[in-house]
Amino acid sequence: MEKTLVLVKPDGVNKGLCGEIIGRFEKRGLKIAGLKMLQMSRELAQRHYGEHEGKPFFNGLVNFITSGPLVAIVVQGENAVPVVRAMMGATNPVDSAPGTIRGDFALTIDSNIIHGSDSAASAEREIGIFFTAGEIYNR
Ligand code: IDP
25 MEKTLVLVKP
35 DGVNKGLCGE
45 IIGRFEKRGL
55 KIAGLKMLQM
65 SRELAQRHYG
75 EHEGKPFFNG
85 LVNFITSGPL
95 VAIVVQGENA
105 VPVVRAMMGA
115 TNPVDSAPGT
125 IRGDFALTID
135 SNIIHGSDSA
145 ASAEREIGIF
155 FTAGEIYNR
C-alpha cells in the first residue's frame, strides 16, 4: 500500500484543525501509519523544502514552518499520494475548490494549513526526514 507524508503546518495546529484533517483521511478509508508532533529546526526545514532553496519565498517558508509545532502523519492506502493531494486542494487557496482542506480552511498561499508529498519518490524521501522505520506501523 502506498504511503505519503502529511504535515498539518503550524497554522493548522493553531487553528485546531488536526482532528478535522485526520478525520477526513480516516473517513475516506486511508490509514494512519505514523503520527507525531514536533517543532522543525531550520536545518530540518531547509532539507524538507530543499527543492525551493533560492526562491524568493524560501526564507519566509522556513520561518513559517519552524514557527511552532506541527503534526507529521504517515498516511497509507491505495493511491495515497494522489488521493491526499486531491483532498488538500490547490497550493494557492485562491484556487482551492470548496470541499478540499485548503478550500475550506485557508485563504493565502503562505499559510495554507497542510503539506502532502507530490510523488511516491518525494513521499519516501520526506517520510525518512520525519520518521524512523520503527515508528511506522503498516496497516
Ligand atoms: P505544495 O505544498 O502544494 O506541494 P509547493 O509548490 O511544493 O506546494 O510549495 C511548498 C509550499 O511553499 C507551499 O505549500 C506554500 O506554503 C509555499 N509556497 C509555494 N509557492 C509560494 C509562493 O509563491 N509564495 C509564498 N509561498 C509559497
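Using our numbering, you'd call the opening residue of the sequence shown number 25 and step up by one each time. Glycine included, each C-beta is placed from N, C-alpha and C at the ideal position. The structure displayed is predicted, hence computed values, not measured ones.
Q.
Tell me the rounded alpha-carbon separation between Gly58 and Glu148.
A. When rounded, the distance between both Cα atoms is 13 Å.
Q) Which whole-angstrom value describes the C-beta separation of Ala104 and Lys27, a residue pair presumed to lie in contact below a C-beta threshold of 8 Å? A) That pair is a contact at about 6 Å.
Q: Starting from Leu94, trace the beta strand (DSSP E) both ways and give me its first and last residue.
A: For Leu94, the enclosing beta strand (DSSP E) has its first and last residue at Leu94 to Gly101.
Q | Cα-Cα separation, Glu4 to Gln70 | A | Since the first residue of the chain shown is 25 and the last is 163, residue 4 is not available in this structure.
Q) In chain order, what residues of the same chain have a beta carbon less than 8 Å from the beta carbon of Tyr161, not counting five sequence neighbours either side? A) The beta carbon of Tyr161 sits closer than 8 Å to those of Ala57 and Gly58, all from its chain and outside the five residues before and after it, given in chain order.
Q. Run through DSSP, which three-state label would Lys79 get?
A. Coil.
Q. Per DSSP, Met61 forms a beta bridge with which residues?
A. Its beta-bridge partners are Val95.
Q | Buried/exposed call for Ser65, threshold 16 Cβ in 10 Å | A | Exposure of Ser65 is indicated by the presence of fewer than 16 other C-beta atoms within 10 angstroms of its C-beta.
Q. What are the residues that DSSP puts in a beta bridge with Val32?
A. Looking at the DSSP output, Val32 shares a beta bridge with Val95 and Ile138.
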